[in-house]
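Residues in the sequence shown are numbered consecutively from 320, following my numbering.
We put the beta carbon where it would ideally sit given N, CA and C, even for glycine.
Below: one structure, written as structure tokens.
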Amino acid sequence: MRGWWRDLTDLVLPTDCAGCGAPRTTLCARCRTALAGSAPRRVRPRPEPAGLPAVYASAPYAEAVRALLLAHKERGALTLTGALGAALAGAVRAGLDASAGTGTSGTVVLVPVPSARWAVRARGHDPVRRMALAAA
Numbered sequence: 320m321r322g323w324w325r326d327l328t329d330l331v332l333p334t335d336c337a338g339c340g341a342p343r344t345t346l347c348a349r350c351r352t353a354l355a356g357s358a359p360r361r362v363r364p365r366p367e368p369a370g371l372p373a374v375y376a377s378a379p380y381a382e383a384v385r386a387l388l389l390a391h392k393e394r395g396a397l398t399l400t401g402a403l404g405a406a407l408a409g410a411v412r413a414g415l416d417a418s419a420g421t422g423t424s425g426t427v428v429l430v431p432v433p434s435a436r437w438a439v440r441a442r443g444h445d446p447v448r449r450m451a452l453a454a455a
């Protein structure tokens with residue numbers, strides 16, 4: 320019930336940008352650009368553990384992007400699902416493009432890490448599953 324209620328209130332009540340607080344928009348142009356305005360890139364922890372598979376990110380986890388993800392995850396900003404899913408899809412495509420020519424082929428399956436049941440109940444939705452479905 321919580322999910323459809325949030326969707327309805329998002330349509331009726333004006334909202335502010337979840338990334339920066341700009342009035343009357345759920346995602347302003349500046350924050351949309353921060354999320355998906357540049358090409359996804361490979362990221363590596365330091366030190367990089369042996370055997371770590373290649374990981375790609377659509378944007379650094381900082382400032383507006385961090386605020387957008389937290390708004391979707393913790394505050395149920397479901398209108399961000401499409402933009403977050405598109406950013407995730409771009410990162411997946413970048414990883415696939417980088418692995419092209421390495422002899423790997425076949426079907427790609429995007430599997431979200433399952434959220435704990437208590438977290439899904441508390442939030443009223445499963446944010447990672449929602450983003451994965453939007454990315455697919």
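Boundaries (first-last residue) of the alpha helix (DSSP H) holding R365:
R365 -> no alpha helix (DSSP H), and no H or E assigned at all.
Span separating the alpha-carbon of P342 from that of A396:
Looking at the two C-alpha atoms, the distance is approximately 15 Å.
Cα-Cα separation, A453 to W323:
The alpha-carbon atoms of A453 and W323 are separated by roughly 17 Å.
For R351 and A402, I'd like the C-alpha separation in whole angstroms.
If you draw a straight line from the Cα of R351 to the Cα of A402, it comes to about 8 Å.
Along the chain, where does the beta strand (DSSP E) containing A376 start, and where does it finish?
First-last of the beta strand (DSSP E) with A376: 374–376.
Distance, Cα to Cα, T334 vs S424?
Using only the alpha carbons, I get a separation of about 44 Å.
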